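Peer 1:
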Amino acid sequence: MVPIQGETLTIALPKGRLIGSVREILSAVGVECPAGLGDDRRLLVEDPAGRWRFLVARPVDVPTYVEYGAADLGVVGKDVLLEEQRDVYELYDLGVGECRFVVAAPQERAERALSGRSGTVRVATKFPGVAARYFQHRGIHAEVIKLYGNVELAPLVGLAEVIVDLVSTGQTLKQNGLTAVEEIAKCSARLIANPVSYRIRGPELATLLERVDAFCRERGLQ
Amino acid sequence: MPAGVRDLLPVDAALRDELLTRLTAVLTRWGYRRVETPTFELAETILLGLGAARSEETYQFFDRNGRLLVLRPDFTTPLARLAASKLRAAPLPLRLYYAGNLFRRAAGQEGRLHEVPQIGLELMGSNGVQADAEVMAVAADCLQEVGLRDVTLGIGHVGFLESALQEAGLDNHEQDIVRQRLMERDFVALQDVLDGRQVPGLGDGRPWEVGVGAPPEVTLAELAQQVHSGPGQAAVREMTALWRALQAHDLGVNICLDLTLVRDFAYYTGPVCEFYVPYLGVPICVGGRYDGLLGSFGYQIGATGFAIGLNELEAAVQRRGRDVAPDPALDYLIVVAAGDRVLALKKARQLRAQGKRVAVEGNDRPRAELLAYAEANGAREIITWQDGQWQTQTIRGER
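Quick note, the sequences are listed as chains A and B, same order. Counting with our numbering, you get residues 1 to 222 for the letters of the first sequence. Counting with our numbering, you get residues 223 to 621 for the letters of the second sequence.
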C-alpha cells in the first residue's frame with residue numbers, strides 16, 4: 001500500500017472508455033492531466049510542482065485504491081461502484097460515460113421473461129453482485145452465472161434465460177435479438193474519495209468540487 | 223485457514239503486546255479498570271445493541287438447549303449488560319476498559335478481517351459533554367502515546383442530524399433514507415433524496431456545501447442560526463460546549479466538525495467521533511455517546527465510549543510511529559554440553575533475576591544453527607562454559 005503523501009493529492013484514473021473525458025474535466029478545473037495519460041503505458045505520473053499525482057488503474061480496481069487510501073480521489077463508473085461495494089465517498093456525478101444496467105431477454109420471450117414464473121431464473125452476467133442483489137430485491141429466485149464477456153450469447157444457446165448487462169446504445173442487444181425488459185440503474189462516471197482524505201483534506205476537495213461542478217454545468221453535463 | 227482471520231507471527235505479536243502495554247497504562251492513568259466479558263453471548267443480548275436488521279453480520283450457533291448464541295460483534299453491548307446487572311450497585315460513574323477480539327461477517331467485502339482485535343473504554347453514568355470530552359481526550363492520549371502525529375478528530379452528532387432532518391420537513395421514511403445514504407457515503411444519491419431542500423449541516427447534499435474542515439467555531443455559529451426547534455438548538459449548544467471542553471483538554475489534535483459523520487451502530491444518540499491520521503485510509507478509533515442502550519437493559523443511565531482497532535493502529539504505527547520498537551526476544555543465549563546443564567540453568571536464573579532475557583540450548587547442534595537462532599532472536603551474546611568458567615562471545619564478531 002502506498003501511503004498518502006503530505007500535500008500531494010493522489011488521483012486514481014480509470015483506463016478505458018472514460019479516460020478522455022476525465023482528462024478533459026480535470027485539466028479544465030486546474031488539475032492538469034498529462035496528454036495521453038491512460039492511453040499509454042505510464043502507471044504513475046507526478047505533477048512537477050508536486051501538487052498531484054495520477055495513478056492509472058483498471059476501472060474495477062479504482063475503488064480499491066481509494067478505499068485503502070493509496071489514492072485520495074478517484075474517477076470511476078457507477079457500475080463499478082455498484083458491483084464492488086467499496087467503502088468510499090461518492091462525491092459527484094460527472095455526467096459522462098452514461099449507460100444503464102438492464103435485465104435483457106430474447107425479444108420473443110421478453111414479456112414472460114420475469115413474470116409469472118414459479119421456479120428459478122438463470123441469469124448470465126459479468127456483474128454477479130449487482131444481479132444477485134437486484135433479483136433478491138425483486139423477490140425472484142435467481143441462479144447467477146458469472147461470465148467474463150459476450151454475455152449476449154448466453155440466452156441464444158440456452159445457458160441462461162436472461163442477462164444482466166451494461167448497455168449504452170442498446171445496439172449489441174438488438175443485433176443479438178435481445179431487448180431490455182427492466183432497468184436496474186442508470187450509471188455514469190463518479191468522483192470518489194477516501195473517507196479519511198475526505199475529512200482531513202475537506203477544504204481543498206470542496207474547492208476542487210465547486211470548480212468541477214461549475215465546469216460540468218457549463219458543459220451541460222448536469 | 224478460513225477467510226477473515228490471520229496469524230500473528232512473533233514480531234507482530236510483540237508489537238501488539240507493546241502497544242497494549244502502553245495503551246493500558248494510559249487507560250489506567252485516567253482511572254479506567256479492566257473488565258472481561260465472554261466471547262459469545264445470547265443473541266437476544268447482542269441484538270439489543272446491534273439491531274435485528276444486522277443479525278446476519280454475526281456468527282451464530284446454538285447451545286445444547288437450542289438457544290441462539292452469537293460471537294460478540296462489539297464490546298459496548300456486553301459491557302452495558304454487565305453494568306446493568308453485576309455492577310448495578312457500584313457508585314457512578316463507571317470507568318471501564320476492555321481488550322479482546324470481536325467477530326463480524328463482513329458481507330461482500332473481500333479481504334476484510336472477520337476477527338477484529340480492539341481495545342476501548344466506556345464511561346457510564348456520567349452525562350453531558352464533560353464525559354464526551356474526557357473520552358475523546360483519552361483516545362487522543364492513547365494515539366499520541368504510541369507515537370502517532372498529525373491526528374485528526376472528526377466529530378458528528380446523531381441527535382443534531384435527527385432534529386435537522388425533522389426541521390427540514392423530511393418524514394420518517396426519508397430520514398431513514400438520508401441516514402442510509404450518509405452511511406453509504408453516497409452524496410450523489412443524498413442530493414436526490416433531499417431534492418433541493420436545505421438541511422442544516424448537510425446543505426442540499428452537495429458535499430462542498432457541507433463545510434468539512436471549516437473551523438468548528440464558524441460551523442457552530444452558522445448552525446445556531448439555521449436550527450430553531452428545541453432539540454436542534456440543544457444539540458448545537460451541546461456541540462458548542464463540547465468544543466469548549468475539548469479546548470480545555472488541550473488535545474494537540476486537529477478537530478473537524480462534520481454533521482455528515484454517522485456511525486454504524488443504531489445505539490448512538492449524541493456526539494460521535496472518529497480519529498484519523500493522514501497516512502492510513504481508515505479511521506483508527508471510533509466512538510460516541512449511547513444514552514439509550516443501558517436503558518434497554520433496565521438501567522437508566524447514559525454512557526459514552528470509544529474503541530481503537532488494533533490492526534489499524536499497528537498499520538499506522540508501522541508507517542509513522544518512530545518510538546515503538548518491541549524489544550528483541552533474547553539478550554543472551556547460553557550454550558552448554560549436557561553435563562553442564564545444571565550450571566547453565568543456575569546462570570540463567572541469575573541473569574533473569576536481573577531482568578535479562580535468556581534461553582539455554584545444548585551444544586550438540588552445529589554452531590551455525592545456534593548462531594542463526596541467536597541472531598534471529600536478537601541475542602547480543604552467546605555464553606559458554608569453558609575451562610571451568612563462563613565465556614562471553616559477542617555475536618556480531620563471529621561473522
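Even glycine gets a Cβ: it sits at the ideal position worked out from N, Cα and C. Just so you know, these numbers come straight off a predicted model, no measurement behind them.
If we ignore side chains and look at the alpha-carbon of each, how far apart do E143 (chain A) and V151 (chain A) end up?
Peer 2: C-alpha separation (whole angstroms): 15 Å.
Peer 1: Taking R190 (chain A) as the query, report the chain B residues whose CB atoms sit under 8 Å from its CB, ordered along the chain.
Peer 2: Residues of chain B passing the Cβ test: V410.
Peer 1: Does the segment 257-267 of chain B touch the segment 314-331 of chain B, meaning 3 or more C-beta pairs lie closer than 8 Å?
Peer 2: Yes, the segment 314-331 of chain B touches the segment 257-267 of chain B.
Peer 1: Start and end of the beta strand (DSSP E) containing P14 (chain A)?
Peer 2: Taken as a continuous stretch (DSSP letters only), the beta strand (DSSP E) holding P14 (chain A) covers L9 to P14.
Peer 1: Could you confirm whether any beta carbon from chain A is found closer than 8 Å to the beta carbon of W430 (chain B)?
Peer 2: Interface residue, yes.
Peer 1: By how many angstroms is the C-alpha of E240 (chain B) removed from the C-alpha of V415 (chain B)?
Peer 2: Distance between the alpha carbons of V415 (chain B) and E240 (chain B): 48 Å.
Peer 1: Does DSSP classify T125 (chain A) as helix, strand or coil?
Peer 2: Strand.
Peer 1: Assign V227 (chain B) to buried or exposed, taking buried as 16 or more other Cβ atoms, counted over all protein chains shown, within 10 Å of its Cβ.
Peer 2: With fewer than 16 other Cβ atoms within 10 Å, it is exposed.
Peer 1: How long is the line joining the alpha carbons of L230 (chain B) and L365 (chain B), rounded to whole angstroms?
Peer 2: Straight-line Cα distance between these residues: approximately 22 Å.
Peer 1: Could you tell me which of A:F101, A:I11 and A:R122 sits nearest to E67 (chain A), measuring between CA atoms?
Peer 2: Selected option, being the one with the closest Cα: A:I11.
Peer 1: Once you ignore the five residues that flank L221 (chain A) on each side, which residues in its own chain have a CB closer than 7 Å to its CB?
Peer 2: So the list reads L94, G95 and V96, once near-sequence residues are dropped.
Peer 1: Compare the C-alpha of C507 (chain B) against each of B:D234, B:A302 and B:Q340 and name the closest.
Peer 2: The candidate whose alpha carbon is nearest that of C507 (chain B) is B:Q340.
Peer 1: State yes or no: is the C-beta of Y626 (chain B) within less than 8 Å of the C-beta of T491 (chain B)?
Peer 2: Only positions 223 to 621 of chain B appear in this structure, which leaves residue 626 (chain B) out of reach.
Peer 1: Can you list, in chain order, the residues of its chain whose CB lies under 6 Å from that of G619 (chain B), leaving out five sequence neighbours each side?
Peer 2: For G619 (chain B), the predicted model reports a pLDDT of 45, less than 50, meaning its position is unreliable; a value from the coordinates is still stated below. No residues qualify anywhere along the chain.
Peer 1: Using 8 Å as the threshold, is the C-beta distance between R542 (chain B) and P195 (chain A) below it?
Peer 2: The answer is no: Cβ separation not under 8 Å.
Peer 1: I want to see whether chain A comes within less than 8 Å of D609 (chain B), judged by CB atoms only; does it?
Peer 2: It does not; no Cβ of chain A falls within 8 Å.
Peer 1: Restricting to Cα atoms, I'd like to know which of B:L324, B:P453 and B:A311 is closest to I530 (chain B).
Peer 2: The option with the nearest alpha carbon to I530 (chain B) is B:L324.
Peer 1: In the DSSP assignment, find the beta strand (DSSP E) that holds G531 (chain B) and state where it starts and stops.
Peer 2: A525 to G531 is the span of the beta strand (DSSP E), which, as asked, contains G531 (chain B).
Peer 1: On a Cα-Cα basis, can you pick out the residue from B:S385, B:H395 and B:P550 that is closest to V449 (chain B)?
Peer 2: Comparing Cα positions, the closest option is B:S385.
Peer 1: List the residues of chain B whose Cβ lies closer than 9 Å to the Cβ of A131 (chain A), in chain order.
Peer 2: The contacting residues do not exist; A131 (chain A) stays about 13 Å from chain B at best.
Peer 1: With M358 (chain B) as the anchor, note down where its alpha helix (DSSP H) starts and where it stops.
Peer 2: Taken as a continuous stretch (DSSP letters only), the alpha helix (DSSP H) holding M358 (chain B) covers V351 to E367.
Peer 1: Using the beta-carbon of each residue, which ones in chain B are nearer than 7 Å to L91 (chain A)?
Peer 2: F409 and P429, listed in chain order.
Peer 1: Step through the CB atoms of chain B and report whether any lies within less than 8 Å of the CB of Y198 (chain A).
Peer 2: Output row for Y198 (chain A): interface = yes.
Peer 1: Between the segment 173-187 of chain A and the segment 44-57 of chain A, can you find at least three pairs of beta-carbon atoms closer than 8 Å?
Peer 2: No, they do not touch.
Peer 1: Residues of the segment 493-508 of chain B with a CB closer than 9 Å to any CB of chain A: list them in chain order, please.
Peer 2: Hits within the stretch, in order: E496, Y498, V499, P500, Y501, L502, G503, V504 and P505.
Peer 1: So D480 (chain B) contacts chain A; which residues on that side make the cut at Cβ distance below 8 Å?
Peer 2: Correct list: R199 and G202.
Peer 1: Starting from the Cα of M358 (chain B), find the closest Cα among B:G527, B:L479, B:Q540 and B:A601 and give me that residue.
Peer 2: It is B:G527.
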